[in-house]
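Q: Please find one structure pasted underneath; my questions will follow.
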Amino acid sequence: MSAKKIIAICQSGGEFATNKEDGSLYYSGGEAYALDLDQQTHLKNFKHELSETFQFAVDGMTIKYFLPGNKKTLITISKDKDLKRMFNFFKDSDQVEVFIIAEEAVARNVSNMPASRSSRTTVSEAVVPHDGPQDLIHAHDAIDMEEPIDTTPLDVYDEKHRRAAIQWENTITGVDQRFNSFPEFREALHKYSIAHGFTYKYKKNDSHRVTVKCKSEGCPWRIYASRLATTQLICIKKMNAKHTCEGTSVKAGYRSTRGWVGNIIKEKLKVSPNYKPKDIAVDIKREYGIQLNYSQAWRAKEIAREQLQGSYKEAYCQLPFFCEKIMETNPGSIATFATKEDSSFHRLFVSFHASISGFQQGCRPLIFLDSTILYSKYQGTILAATAADGNDGVFPVAFAVVDEETDENWHWFLSQLKSAVSASGQITFIADFQKGIRESLRDIFGKDCYHGYCLRYLAEKLNKDLKGQFSHEARRLMVQDLSAAAYAPNLEAFERCAENIKAISPEAYNWVIRSEPAHWANAFFGGARYNHMTSNFGQLFYCWVSEVDELPITQMVDVLRGKMMELIYTRRVDSSQWTTRLCPSMEEKLQNETSKAQSLKVLLSHGSTFEVRGEAVDMVDIDHWDCSCKGWQLTGLPCCHAIAVFDCLGRNPYDYCSRYFTTESYRFTYAESINPVPNVEKPAKNELDGAVVIVTPPPTKRPPGRPKMKQADSLDVIKRQLQCSKCKGLGHNKKTCNKNNAIENDVPETPLLMGLTTEEPEGST
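Numbered according to this note's numbering, the sequence shown spans residues 18 to 782.
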């Protein structure tokens, strides 16, 4: 039987536009061709066929499509797996719409967007009488936001650059040409000058008239435009189109404003939100022959982004409307925010019904708490709660945007989380041991939770307290022993690891013993962590945040919503193909344990207890799902000793696996969907007017300079220190060594027992 085929309607050369009624996207213009697709089609072959069809370079195209029933989220195809997933999404349909975007494509200008000023002006020239909203020019706009970019002349102005600008040669046609506004006229003039290769300056530039002349000394080129009597139209009254300067042969460096570049790139930015400044600079130079530096391209991107999405300030004003829309379109969701006394933004909590239901119906009662810094204009922090699905995949449960990471904000976040997952019984949390989280969990969840300290933070704390007193190698070994002690399944193994630390430093040993092992060591921990030891399990979610953290708050949250929506849909479709009783990763782990069980010998002890002999002797109690190796209890899957007993008794090991690892539970996790939230980018004015609560941006702004990057999430936190080859001391070399330095010799030892030992909660070991 022939393989199932679908028709791919491949479109290119048009542009995406937004439906004002529901916020969905549609594709307008361009050309379309039909190509056949089947399950065996490879992306490489598909790209070659598209390349021949549209005359694009194979490596210079991006392929996108819409999810079924969702016209707001474009999915990118970058590998064979993506192409097969698209085929699976539409295999029951006859066709799928595919959009091909050439990397060299440059956004078309939209004439009704605010235009840029094309020359430097003084404050007196910039502040003009108010003669209508569209013609009011503020001094700071003229001097700061629209300051011309000083581009250097290019040595080469070839036909490739000319092709990019040739479309603008006739934006100015001559006398009697009319425009809707002065900004539209200025924009047309700017493009005209680029297409014809000359620079100009304003002689008059106000809300009633504009007079412009060629900047070249003695050149007669001049144009005069003013308002057409009794109308709002702008008309060219006089124009001398003759240049006596060398025009395009001068190869003069074009004057380009950030606003102009923003207009050029905004359509591409709409399709590719992660359009990088360095790529913008490369594209503008290639297509228009204009040289931009990084900061100029970055500011142009900011202007384009604000034109498309609105300003950061507007986004905070939209928060009441946004939260209302989330709960309206996703019933059962929680979306709430709080402001300070001065109405400035304080915090926002979001948990979708699909996440709440998925956690309660299919995920193990295990939540990872962590945070990540936002690098947007007003900074802030994301606090997140993520869970693990049956296949050990990241499942976002809830998140909050807060003005800063404080104990109070953590308490508020956990209070909101409690209201969302209150019916989930006893929960184990993996989080930092900081005071705010520790006390908030105890106050809010009480006896209904266990708090497992994140091993990564614990190792960082130990290393920090040891630094300066031990060599790199000694600290590395102690952190390694700390990790081994955390994973140790019983008291004997834990004590062996602790003794290894004691052999290096008795003080470090005391640090470990007083750091509350009951909250981080498997040998003492009372909750069920399923062998997850660090809080950064939700790395997938934090990667999403890092991609969108510069967006205004409402757009950022909506993009995260879209990614969660896609994740749920994709995993639901993928799991529908599974035929095993357990999720694939758990099935693989069980099979590994089964292969180990083949060499073990089972002896009946009494009742449901069995003795299993291999390299060691272990006791298995099948009625209590217990083995002396503790592997069964720690992971939720039968260990090799238990499986050896099941083989002996003829029982099925699958009956003794945690229900959270079954394919059925996995499908329950992703049974509910997250629905689109319409009109997020540009809500109707009458909808915003109904907002009772006014929200203004927080007072904090991003400081200048390159932001500090978050440390890598790894237990390998040891950095090598300088060690003197003369005195063997740490922190200096032999050139700066001074044995007779009294200050160095008289410094007392710094105690290690810091941080964790200053405050001990009840129940510490």
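Glycine residues also receive a C-beta, built at the ideal position from the N, C-alpha and C atoms.
Sorted by chain position, which residues of the same chain lie with C-beta nearer than 8 angstroms to Y217's C-beta, five sequence neighbours on each side aside?
A: Mapped onto the sequence shown, residue 217 falls at position 200. So the qualifying residues of the chain are S135, S136, L206, S210, V229, K230, C231, K232, W238.
Q: Kindly identify the DSSP beta-bridge partner or partners of Q28.
A: As a first step, residue 28 is located in the sequence shown; it is residue number 11 there, counting from the start. According to DSSP, which records beta bridges pairwise, Q28 is partnered with A49, F116.
Q: In this structure, how does DSSP classify C665 when only helix, strand and coil are distinguished?
A: Taking the first residue of the sequence shown as position 1, residue 665 is located at position 648. C665 falls in the helix class under three-state DSSP.
Q: From the DSSP secondary-structure annotation, give me the bridge partner or partners of K255.
A: As a first step, residue 255 is located in the sequence shown; it is residue number 238 there, counting from the start. BP columns for K255 point to Y241.
Q: For G791 and P655, I'd like the C-alpha separation in whole angstroms.
A: The structure shown does not extend to residue 791, since the chain spans only 18 to 782, so no value can be given for it.
Q: Taking 7 angstroms as the cut-off, is the CB of Q451 close to at least one heavy atom of the ligand COA?
A: This structure does not include the ligand COA; it has no bound ligands of any sort.
Q: Can you look up F339 in the DSSP assignment and give me helix, strand or coil?
A: Taking the sequence shown and counting its residues from 1, one reaches residue 339 at position 322. Of the three classes helix, strand and coil, the one that applies to F339 here is helix, per DSSP.
Q: Going by DSSP in three states, F106 sits in which element: helix, strand or coil?
A: Residue numbering aside, residue 106 sits at position 89 when the sequence shown is read from its first letter. F106: helix per DSSP, three-state reduction.
Q: Hey, how far is the Cα of T423 from the Cα of A401?
A: Counting from one through the sequence shown, the residue named residue 423 turns up at place 406. Counting from one through the sequence shown, the residue named residue 401 turns up at place 384. Cα to Cα, T423 sits roughly 14 angstroms from A401.
Q: Counting along the chain, where does the alpha helix (DSSP H) carrying I301 start and finish?
A: Residue 301 sits at position 284 when you count from the first residue of the sequence shown. Per DSSP, I301 belongs to the alpha helix (DSSP H) from 294-305.
Q: Rounding to the nearest angstrom, what Cα-Cα distance links F412 and V288 in this structure?
A: Sequence index remark: in the sequence shown, residue 412 carries index 395 (1-based). Sequence index remark: in the sequence shown, residue 288 carries index 271 (1-based). If you take the alpha carbons of F412 and V288, they lie about 27 angstroms apart.
Q: Do three or more CB pairs link the stretch 541-560 to the stretch 372-387 at distances below 8 angstroms?
A: Touching, yes, given that three or more Cβ pairs across the two stretches are closer than 8 angstroms.
Q: Who are the near neighbours of I454 in its chain, counting only those whose CB is closer than 6 angstroms to its CB and skipping five residues on each side?
A: Residue 454 sits at position 437 when you count from the first residue of the sequence shown. The residues are W427, A448.
Q: What do you reckon, are the CB atoms on L54 and K88 nearer than 8 angstroms?
A: In the sequence shown, residue 54 corresponds to position 37, counting from 1. In the sequence shown, residue 88 corresponds to position 71, counting from 1. No. Outside cutoff.
Q: Please report the straight-line C-alpha distance between V438 and C466, rounded to a whole angstrom.
A: Counted from its first residue, the sequence shown places residue 438 at position 421. Counted from its first residue, the sequence shown places residue 466 at position 449. Computed Cα separation, rounded: 12 angstroms.
Q: Do the stretch 595-613 and the stretch 339-356 touch if we need at least three Cβ pairs shorter than 8 angstroms?
A: Touching, no.
Q: I'd like to know if I253 contacts chain B, where contact means its C-beta is closer than 8 angstroms to some C-beta of that chain.
A: Annotation note: the requested chain B is absent from the structure, which comprises a single protein chain.
Q: Candidates T679, V574, C252: which alpha carbon is nearest E604's?
A: As a first step, residue 604 is located in the sequence shown; it is residue number 587 there, counting from the start. Checking every option, the nearest Cα to that of E604 belongs to T679.
Q: Using a threshold of 8 angstroms, state whether the C-beta atoms of I570 and S436 are closer than that.
A: If you number the sequence shown from 1, residue 570 lands on position 553. If you number the sequence shown from 1, residue 436 lands on position 419. No, the pair does not count as a contact, with Cβ atoms beyond the cut-off.
Q: May I ask you to report which of helix, strand or coil DSSP gives H658?
A: Here residue 658 refers to the residue found at position 641 when the sequence shown is read from its first residue. Helix at H658.
Q: Just verifying my parser: in three-state terms, what is the DSSP assignment at N222?
A: Here residue 222 refers to the residue found at position 205 when the sequence shown is read from its first residue. Note: N222 maps to strand in three-state DSSP.
Q: For C334, does the three-state DSSP call read helix, strand or coil?
A: Along the sequence shown, read from residue 1 onward, the residue named residue 334 stands at position 317. In the structure shown, C334 sits in a helix (DSSP, three-state: H, G or I).
Q: Quick one: Cα of A51 to Cα of L568, how far?
A: Within the sequence shown, numbered from 1, the residue matching residue 51 stands at position 34. Within the sequence shown, numbered from 1, the residue matching residue 568 stands at position 551. Approximately 36 angstroms, taken between the alpha carbons.
Q: Per DSSP, what are the beta-bridge partners of P413 in this structure?
A: Mapped onto the sequence shown, residue 413 falls at position 396. DSSP output for P413 lists T403 as bridge partner(s).
Q: Quick one: is H65 buried, meaning 16 or more other Cβ sit within 10 Å of its Cβ, or exposed?
A: Within the sequence shown, numbered from 1, the residue matching residue 65 stands at position 48. Classification of H65: exposed, given that the 10 Å Cβ count is below 16.
Q: Do you know offhand how far F73's Cα is from K394's?
A: As a position in the sequence shown, residue 73 is number 56, starting the count at 1. As a position in the sequence shown, residue 394 is number 377, starting the count at 1. The straight-line gap from Cα to Cα measures roughly 37 angstroms.
Q: Between which two residues does the alpha helix (DSSP H) containing C457 stretch?
A: Locating residue 457 in the sequence shown gives position 440, counting from the first residue. Residue identity check: residue 457 is Ser in the sequence provided, not Cys. That run of the alpha helix (DSSP H) goes 452-461.
Q: Return the chain-ordered list of same chain residues with a C-beta closer than 6 angstroms to the C-beta of R684, the five sequence neighbours on each side being excluded.
A: As a first step, residue 684 must be located in the sequence shown, where it is residue number 667. Closer than 6 angstroms at the Cβ level, and outside the excluded window around R684, lie S592.
Q: Where does the unbroken beta strand (DSSP E) through I444 begin, and where does it stop?
A: Mapped onto the sequence shown, residue 444 falls at position 427. 444-448 is the extent of the beta strand (DSSP E) around I444.
Q: What separation, rounded to the nearest whole angstrom, lies between the Cα atoms of K330 and Q433?
A: For the purposes of this step, residue 330 is taken as residue 313 along the sequence shown, with counting starting at 1. For the purposes of this step, residue 433 is taken as residue 416 along the sequence shown, with counting starting at 1. Taking the straight line from one Cα to the other gives about 26 angstroms.
Q: Helix, strand or coil: which one does DSSP assign to M603?
A: Residue 603 sits at position 586 when you count from the first residue of the sequence shown. Residue state, collapsed to three classes: helix.
Q: Hey, A659 and Y673 are a contact pair by Cβ (cut 8 angstroms); roughly how many whole angstroms apart?
A: Residue numbering aside, residue 659 sits at position 642 when the sequence shown is read from its first letter. Residue numbering aside, residue 673 sits at position 656 when the sequence shown is read from its first letter. With 8 angstroms as the limit, A659 and Y673 qualify as a contact, their Cβ atoms being about 7 angstroms apart.
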